[in-house]
Each structure stands twice: as structure tokens, then as C-alpha cells.
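Visitor: Position one of the sequence shown corresponds to residue 1 (UniProt numbering), numbered consecutively onward.
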Amino acid sequence: MSVTEPLAEDRHSYAWDLLVRPREIERWRNEVAGALRAMGAAPEAVGLARLGISELLSNAVKHVPDPHCRLRVLRVGDAVLVQLYDRSRDIPVIPAEEPDPESPAGRGLWLLRQTATALGYTHTPDGKSVWFRTPLHPAGDALAF
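(1) To the nearest whole angstrom, what separates the beta carbons of V32 and V82, a pair I think is in contact under 8 Å?
(2) Would you identify the three-state DSSP class for A116, choosing helix, strand or coil?
(3) Output needed for T115: all residues of its chain with C-beta closer than 7 Å, excluding positions within five of it in sequence on either side, in chain order.
(4) For D141 and V46, I'd like the C-alpha separation in whole angstroms.
(5) What separation, rounded to the nearest whole angstrom, lies between the Cα atoms of L136 and S13?
(6) Near E98, which residues of its chain fall below 8 Å by C-beta distance, leaving aside the five closest residues on each side in sequence?
(7) For V130, write down the residues that DSSP places opposite it in a beta bridge.
(8) Just reading off the alpha helix (DSSP H) that V61 is part of, what are its end residues?
(9) Tell me the DSSP secondary structure of V32 in three-state form.
(10) In whole angstroms, give me the CA-to-CA distance for E9 and M39.
(11) Measure how close the beta-carbons of L57 and W28 come, nearest whole angstrom, since I'm counting them as under 8 Å.
(12) Where DSSP assigns a beta bridge to R135, which residues make up the other side?
Next comes the structure, spelled out in C-alpha cells:
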């Protein structure tokens with residue numbers, strides 16, 4: 001069972017403990033999108049976050065033996081940080097150059113690195129966190145009230 005757990009009452013931080021399953025990736029895309037919308041994010045930021053979390057969850061399904069993960073969305077100033085904590089210490093592989101379009105793997109993280117403000121990983125005591133950051137309002141996007 002997956003548990004939705006807002007971390008802060010000010011709607012600047014959300015976290016969910018979940019079991020990563022392919023059939024639930026769309027649900028988590030929607031949860032992350034809802035969190036960003038609650039933070040006032042522009043549609044471009046919401047779209048990037050949906051793409052990014054799809055990639056992080058898909059990689060966890062493929063490469064992490066333990067499906068227990070923690071998904072976190074945190075507003076940091078004018079940006080949002082999306083993190084997926086898992087129980088593997090294996091680091092993600094991001095190609096240095098654009099992958100072959102015919103290749104069955106390697107394009108997702110490369111594309112995310114090209115579109116997000118930052119992409120990285122951090123080792124934790126129990127595994128790692130893979131994360132990306134994007135502005136809530138990309139350049140040229142007007143804030144609507």
C-alpha cells in the first residue's frame with residue numbers, strides 16, 4: 001500500500017513512501033503534478049516534473065531490487081527539487097553524449113539532464129537519492145494569479 005504524506009502544512013514540501021510498480025507510474029506522475037500545481041508552478045514545470053518522475057521511477061523498476069522508495073517534492077525558492085530515494089547504492093548512468101535514437105536505453109536521463117536545471121544523485125546511509133531541479137516559472141513564463 002502506498003501512503004501519501006504531506007511533510008509541511010505550507011504546501012512547499014510533499015513526500016510519499018511507495019512501492020515502485022510499473023502500473024502505478026502514471027499515478028505518481030499525477031501526484032507530483034498536483035504538488036507542483038499547489039506550489040503555483042507553470043505548466044512547463046509541471047510537464048518537466050511529470051517526465052522526470054517517470055524516468056526516475058522507470059529506472060528504479062528496472063535497476064533497483066527493492067521496490068520500497070520515498071518520493072519527495074520540495075520547493076526551494078523559485079525552483080522545485082524532485083527526489084527519489086531508493087535502497088540501491090548503484091549510481092545512475094547518464095550518457096555524456098546524445099544516445100542513438102535506436103538504442104533501447106539511455107535516452108531518458110540524458111534528456112532529463114538536458115531539460116532540467118540540474119540532475120544528480122546523492123548517496124544516503126541506506127542507498128541513494130536521484131534528483132532533479134527545475135524552476136517553477138521557466139524564463140519567459142508569466143505568473144498568473
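Glycine residues also receive a C-beta, built at the ideal position from the N, C-alpha and C atoms.
Note that this is a predicted model, so its numbers are computed, not measured.
Guide: According to the structure data:
(1) 6 Å
(2) coil
(3) L48
(4) In this prediction, D141 has a pLDDT of 46, which is less than 50 and means its spatial position is unreliable; what the coordinates show is noted afterwards. Whole-angstrom Cα-Cα distance: 13 Å.
(5) 14 Å
(6) W110
(7) L84, Y121
(8) 43-63
(9) helix
(10) Reliability fails at E9, whose pLDDT of 44 lies under 50, so the model's placement of it is uncertain and the value that follows must be treated cautiously. For E9 and M39, the distance between alpha carbons rounds to 12 Å.
(11) 6 Å
(12) It should be pointed out that residue 135 corresponds to Pro in this sequence rather than to Arg. Answer is A79, bridged to P135.
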